[in-house]
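J.: So in our numbering, the last spot in the sequence shown is 237, and the numbers never skip.
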Amino acid sequence: MPYISFKTNHKLTLRQENMIKEKSGELISLIPGKSEKALMIHMEDDQIMYFKGEELTCMMIEINLYRNAEFEDKKKLTEAMIQMIHETTKIDPNNIYVIFHEFDHWGLNQTLI
Numbered sequence: 125m126p127y128i129s130f131k132t133n134h135k136l137t138l139r140q141e142n143m144i145k146e147k148s149g150e151l152i153s154l155i156p157g158k159s160e161k162a163l164m165i166h167m168e169d170d171q172i173m174y175f176k177g178e179e180l181t182c183m184m185i186e187i188n189l190y191r192n193a194e195f196e197d198k199k200k201l202t203e204a205m206i207q208m209i210h211e212t213t214k215i216d217p218n219n220i221y222v223i224f225h226e227f228d229h230w231g232l233n234q235t236l237i
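#1: Excluding sequence positions up to five away, which residues of its chain have a Cβ less than 6 angstroms from the Cβ of lysine 147?
#2: On a CA-only basis, which of Leu180, Lys198 and Met143 is nearest lysine 158? Give me that one, please.
#3: Report the three-state DSSP secondary structure of leucine 180 (helix, strand or coil).
#4: Comparing alpha-carbon positions, which option in Glu203, Thr235, Ala193 and Asp216 lies nearest methionine 183?
#5: Tell me the residue span of the beta strand (DSSP E) that contains threonine 132.
#6: Distance check for leucine 232 and proline 156, CA to CA, integer angstroms please.
Next comes the structure, spelled out in structure tokens:
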């Protein structure tokens with residue numbers, strides 16, 4: 125089950141939230157074996173965030189994965205996510221960061237796998 129968290133100091137409209145949700149569901153399939161069927165998404169907008177010492181509009185995207193993914197697949201997902209967020213929110217692509225966390229164990233369905 126992939127888990128993606130979006131944090132930004134930008135105020136998202138309902139339309140933007142829906143677009144991010146829909147597009148993320150499509151883009152997660154860039155990682156083999158991952159799909160929207162198991163994707164959990166978290167969004168925090170209008171947060172207090174400073175970037176480069178200023179209140180620049182920015183976004184941090186955290187992608188949590190069960191098991192490791194190939195570098196090239198993560199690169200494709202990173203580039204597609206940044207492009208999608210820029211097109212959806214107009215946040216400068218240079219102010220959008222993506223980090224990956226990969227785990228050998230994951231708790232779900234009342235157990236640890």
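Quick reminder that beta carbons are idealized off the backbone N, C-alpha and C, glycines included.
Nothing here was measured: the structure is a model prediction, and the numbers come from that model.
T.: Considering the structure as presented:
#1: Met208
#2: Lys198
#3: coil
#4: Asp216
#5: 127-132
#6: 20 angstroms
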